[in-house]
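Protein chains in written order, with our numbering: chain A, 226 to 540; chain B, 226 to 540.
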């Protein structure tokens with residue numbers, strides 16, 4: 226058992242490394258860093274909540290990975306580059322082994338994505354894991370929500386529904402699905418390809434339908450080709466019932482894939498750029514001028530899905 | 226009872242205002258803002274924990290004020306100027322009245338200090354209030370911890386021990402002390418005077434002795450003139466016993482005053498500048514080359530104080 230300052234010293238010893246942009250890091254009243262001239266800063270914060278985002282029996286390294294990954298996914302959605310992170314941990318007790326495991330996952334992902342942990346806060350209390358992530362972007366290349374135009378295509382990276390499948394199957398979930406839940410991969414490479422090509426972008430955290438509603442411009446709607454939703458072989462095998470699978474893919478959340486709108490004549494160039502970094506892109510629908518989202522099946526029939534995504538206070 | 230998106234819309238409606246530095250604010254995947262050329266960025270995060278920093282029966286506006294104030298105090302300690310804030314709220318339920326009260330206190334202090342709320346996160350779970358605050362400073366004017374030199378004087382703003390007195394007296398605390406606990410005033414004006422004059426600075430959040438230990442340079446110590454500790458008339462009246470008062474002033478925490486080191490021949494100019502913005506400054510001791518902190522009473526005798534400040538995991 227350690228005290229607060231021992232733990233901070235431990236975090237500092239593991240996190241600090243040479244970075245010319247960082248003047249003051251962990252251990253002072255605040256961190257001091259130098260932004261790059263000409264770039265806009267991008268800031269986001271997401272908290273992990275026990276039994277909402279993770280379970281108590283998860284490996285601490287998975288929790289550490291997830292805490293950073295969900296924030297990196299928000300920066301990816303703006304087509305921004307991650308730079309500096311703060312970590313606000315509220316822990317029931319000063320558990321050094323848990324913290325070391327957490328840092329294993331957090332810092333491995335940080336190193337891989339060019340993210341430097343420069344500060345944070347450590348307090349005793351009910352478990353709460355908050356990450357604040359700062360990145361940068363050329364202002365004119367940032368992608369926003371709600372800037373779609375009718376006629377644009379809707380597309381997503383990767384496959385949808387795997388994390389929701391893992392949640393639905395619980396202990397019976399195959400490892401491939403479980404890994405999508407515990408170790409989501411923020412789509413930073415894909416986002417960099419889409420900067421300057423996509424016209425609006427969001428990451429899918431609350432569920433495709435809920436996040437699509439946020440992506441669409443005011444008064445606009447969309448037609449979704451549900452049969453086109455990209456599906457992993459693991460989800461197909463684990464949940465053979467099509468309607469059940471669609472419900473997970475449309476409403477389940479935790480995908481951390483990118484959903485974007487693009488002009489039809491710019492799709493081929495975007496797909497080629499994505500393929501060059503190993504990213505798949507699947508067109509799943511089209512923006513329309515009328516509000517509402519219609520889900521269309523293989524035969525062109527409108528279908529009803531009993532899920533409209535995740536609202537944190539509704540479950 | 227509202228859902229998450231209603232609450233976010235409510236926060237957005239109250240927080241948004243014209244600010245040429247902010248390109249994208251509340252409601253997108255991340256906030257986008259433009260730093261001022263030539264200035265370093267300063268980032269801090271502090272979380273408020275129930276029954277550690279505040280009580281459940283506190284007015285929500287007091288909690289909102291405190292959540293921002295403790296972060297502003299960290300920026301003051303760096304002599305930085307506050308600019309942009311993110312708010313990460315984890316709430317047991319979507320209580321609109323509580324949130325409105327919280328925003329009353331938070332946004333009033335934000336407006337008064339030039340802080341713009343540009344984003345955040347809202348989740349359901351055990352109450353946790355996290356603020357991330359960004360500011361800026363000319364790099365060469367930032368003040369750090371642990372950069373003292375032997376022979377420098379130690380000084381503080383305001384009075385010490387009031388908030389600790391309020392905690393100790395609980396329901397019997399007079400309003401003047403209670404207000405120091407619930408509505409601490411971050412010393413941003415004083416900090417601006419001390420930039421370029423003080424040689425090292427910290428804010429007193431964990432208790433004078435604990436924070437002094439962090440202020441001192443490696444291997445250095447200090448002599449503290451305990452009889453010189455600045456004391457409010459309210460604390461003097463409420464806690465007439467000198468030893469009890471000293472214990473609160475040395476170890477109590479939650480003062481959010483500034484503690485800084487300054488060369489003796491620069492003190493008069495600093496005090497004049499502070500007086501011009503209505504700030505008091507009191508010299509309370511001196512940095513020495515030998516490690517350890519000695520507390521000296523009016524007669525020059527070394528005294529023992531049974532408190533070494535606050536460690537979050539030790540109580």
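Every residue gets a Cβ at the ideal spot worked out from N, C-alpha and C, and that includes glycine. Note that this is a predicted model, so its numbers are computed, not measured.
Please classify residue i as buried or exposed, where buried requires at least 16 neighbouring CB atoms within 10 angstroms.
i: residue 263 of chain B; result: exposed
i: residue 502 of chain B; result: exposed
i: residue 480 of chain B; result: buried
i: residue 374 of chain B; result: exposed
i: residue 226 of chain B; result: Reliability fails at residue 226 of chain B, whose pLDDT of 47 lies under 50, so the model's placement of it is uncertain and the value that follows must be treated cautiously. Exposed.
i: residue 299 of chain B; result: buried
i: residue 398 of chain B; result: buried
i: residue 280 of chain B; result: exposed
i: residue 515 of chain B; result: exposed
i: residue 529 of chain A; result: exposed
i: residue 465 of chain B; result: exposed
i: residue 229 of chain A; result: buried
i: residue 462 of chain B; result: exposed
i: residue 245 of chain B; result: exposed
i: residue 410 of chain B; result: buried
At the level of alpha carbons, what is the spacing between residue i and residue j?
i: residue 270 of chain B; j: residue 345 of chain A; result: 6 angstroms
i: residue 431 of chain B; j: residue 495 of chain B; result: 25 angstroms
i: residue 265 of chain A; j: residue 286 of chain B; result: 33 angstroms
i: residue 511 of chain A; j: residue 354 of chain B; result: 40 angstroms
i: residue 243 of chain A; j: residue 490 of chain A; result: 44 angstroms
i: residue 459 of chain B; j: residue 467 of chain B; result: 14 angstroms
i: residue 424 of chain A; j: residue 487 of chain A; result: 5 angstroms
i: residue 535 of chain A; j: residue 347 of chain B; result: Because the pLDDT of residue 535 of chain A is 44, which lies under 50, any placement of that residue in the model is unreliable, and the number read from its coordinates should be weighed accordingly. Their backbone Cα atoms lie some 13 angstroms apart in a straight line.
i: residue 440 of chain A; j: residue 421 of chain A; result: 17 angstroms
i: residue 427 of chain B; j: residue 260 of chain B; result: 25 angstroms
i: residue 471 of chain B; j: residue 236 of chain A; result: 34 angstroms
i: residue 435 of chain A; j: residue 476 of chain A; result: 7 angstroms
i: residue 334 of chain A; j: residue 284 of chain B; result: 40 angstroms
i: residue 318 of chain B; j: residue 356 of chain B; result: 19 angstroms
i: residue 433 of chain A; j: residue 474 of chain A; result: 7 angstroms
i: residue 537 of chain B; j: residue 522 of chain B; result: Because the pLDDT at residue 537 of chain B is just 47, under 50, the model does not fix this residue reliably, and the value given afterwards should be weighed accordingly. In a straight line, the C-alpha of residue 537 of chain B is about 29 angstroms away from that of residue 522 of chain B.
i: residue 389 of chain B; j: residue 403 of chain B; result: 9 angstroms
i: residue 500 of chain A; j: residue 331 of chain A; result: 28 angstroms
i: residue 493 of chain B; j: residue 378 of chain B; result: 12 angstroms
i: residue 338 of chain A; j: residue 313 of chain A; result: 20 angstroms
i: residue 408 of chain B; j: residue 275 of chain A; result: 31 angstroms
i: residue 380 of chain B; j: residue 232 of chain A; result: 29 angstroms
i: residue 343 of chain B; j: residue 449 of chain B; result: 42 angstroms
i: residue 505 of chain B; j: residue 497 of chain B; result: 10 angstroms
i: residue 315 of chain B; j: residue 327 of chain B; result: 13 angstroms
i: residue 340 of chain B; j: residue 238 of chain B; result: 16 angstroms
i: residue 525 of chain B; j: residue 272 of chain B; result: 40 angstroms
i: residue 302 of chain A; j: residue 453 of chain A; result: 22 angstroms
i: residue 412 of chain B; j: residue 406 of chain B; result: 15 angstroms
i: residue 234 of chain A; j: residue 469 of chain A; result: 48 angstroms
i: residue 248 of chain A; j: residue 364 of chain B; result: 9 angstroms
i: residue 288 of chain A; j: residue 324 of chain A; result: 10 angstroms
i: residue 214 of chain A; j: residue 483 of chain A; result: Here chain A covers residues 226 to 540 and nothing more, so residue 214 of chain A does not appear.
Who pairs with residue i in a beta bridge, going by DSSP?
i: residue 270 of chain A; result: A:357
i: residue 513 of chain A; result: A:446
i: residue 519 of chain A; result: A:448
i: residue 217 of chain B; result: The requested residue 217 of chain B is not part of the displayed model; chain B covers only 226 to 540.
i: residue 236 of chain B; result: Looking at the DSSP assignment, residue 236 of chain B forms no beta bridge with any residue, so it has no partner.
i: residue 456 of chain B; result: Bridge partners of residue 456 of chain B: none, in fact.
i: residue 206 of chain B; result: Any property of residue 206 of chain B remains undetermined from this structure, which presents chain B solely from 226 to 540.
i: residue 528 of chain A; result: A:520
i: residue 472 of chain B; result: None, per the DSSP bridge assignment.
i: residue 508 of chain A; result: A:380
Write down every uninterrupted run of the beta strand (DSSP E) in the segment 303 to 363 of chain B whose length is 3 residues or greater and which is fully enclosed by it, in chain order. Correct list: 306 to 316, 341 to 349, 353 to 362.
Between the segment 384 to 395 of chain B and the segment 366 to 374 of chain B, do three or more beta carbon pairs fall short of 8 angstroms? With a cut-off of 8 angstroms, the segment 366 to 374 of chain B and the segment 384 to 395 of chain B do not count as touching, because too few Cβ pairs lie within range.
Indicate whether the contact test is met: 3 or more Cβ pairs, each with one atom in the segment 394 to 410 of chain B and one in the segment 433 to 446 of chain B, closer than 8 angstroms. No, because fewer than three Cβ pairs between the segment 394 to 410 of chain B and the segment 433 to 446 of chain B fall closer than 8 angstroms, the two stretches do not touch.
Stretch-stretch touch, CB-based, cutoff 8 angstroms, three pairs: the segment 288 to 299 of chain B with the segment 251 to 259 of chain B: Cβ pair count under 8 angstroms is below three, so no.
Does the segment 302 to 317 of chain A touch the segment 414 to 422 of chain A, meaning 3 or more C-beta pairs lie closer than 8 angstroms? The answer is yes - the segment 302 to 317 of chain A touches the segment 414 to 422 of chain A, with three or more Cβ pairs under 8 angstroms.
Just list the beta strand (DSSP E) runs in the segment 243 to 297 of chain A, keeping only unbroken ones of 3 residues or longer that don't cross its boundaries, in chain order. Secondary structure remark: continuous beta strand (DSSP E) runs of at least 3 residues inside the segment 243 to 297 of chain A, in chain order: 247 to 249, 256 to 258, 265 to 273.
What beta strand (DSSP E) runs, 3 residues minimum, are completely inside the segment 375 to 402 of chain A? Taking only runs of at least 3 residues, the beta strand (DSSP E) segments lying wholly in the segment 375 to 402 of chain A are 378 to 382.
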